[in-house]
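Enquirer: Residue numbers (this note's numbering): 2 to 31. Supplied in structure tokens, the structure appears directly below.
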């Protein structure tokens with residue numbers, strides 16, 4: 002799992018917290 006301020010694992014250029022973090026939290030990933 003990437004850090005909140007690292008590049009998102011989905012491959013976008015966005016930071017993880019601004020991209021997939023909310024989705025992953027809803028799925029229950031930590």
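Positions of the beta carbon are idealized from the N, C-alpha and C atoms, including for glycine. Quick caveat: nothing in here was measured; it's all calculated off a predicted structure.
Inspect the beta-carbon positions of residue 5 and residue 18 and report whether they are closer than 8 angstroms.
Expert: For this step, residue 5 is matched to residue 4 along the chain shown. For this step, residue 18 is matched to residue 17 along the chain shown. A contact, by the Cβ cut-off of 8 angstroms.
Enquirer: Helix, strand or coil, according to DSSP, for residue 28 in the structure here?
Expert: Translated into positions along the chain shown, residue 28 becomes position 27. Three-state result, residue 28: helix.
Enquirer: Buried or exposed for residue 11, please, with buried defined as at least 16 other CB atoms from any protein chain shown within 10 angstroms of its CB.
Expert: Counting from 1 along the chain shown, the entry for residue 11 is found at position 10. By the 10 Å Cβ count, residue 11 comes out exposed.
Enquirer: Pull up the distance between the alpha-carbon of residue 9 and that of residue 3, whole angstroms please.
Expert: Looking up residue 9 in the chain shown gives position 8. Looking up residue 3 in the chain shown gives position 2. Distance between the alpha carbons of residue 9 and residue 3: 7 angstroms.
Enquirer: Near residue 16, which residues of its chain fall below 8 angstroms by C-beta distance, leaving aside the five closest residues on each side in sequence?
Expert: Working through the chain shown from its first residue, we reach residue 16 at position 15. Same-chain partners within the cutoff: 5, 6, 7, 8, 9.
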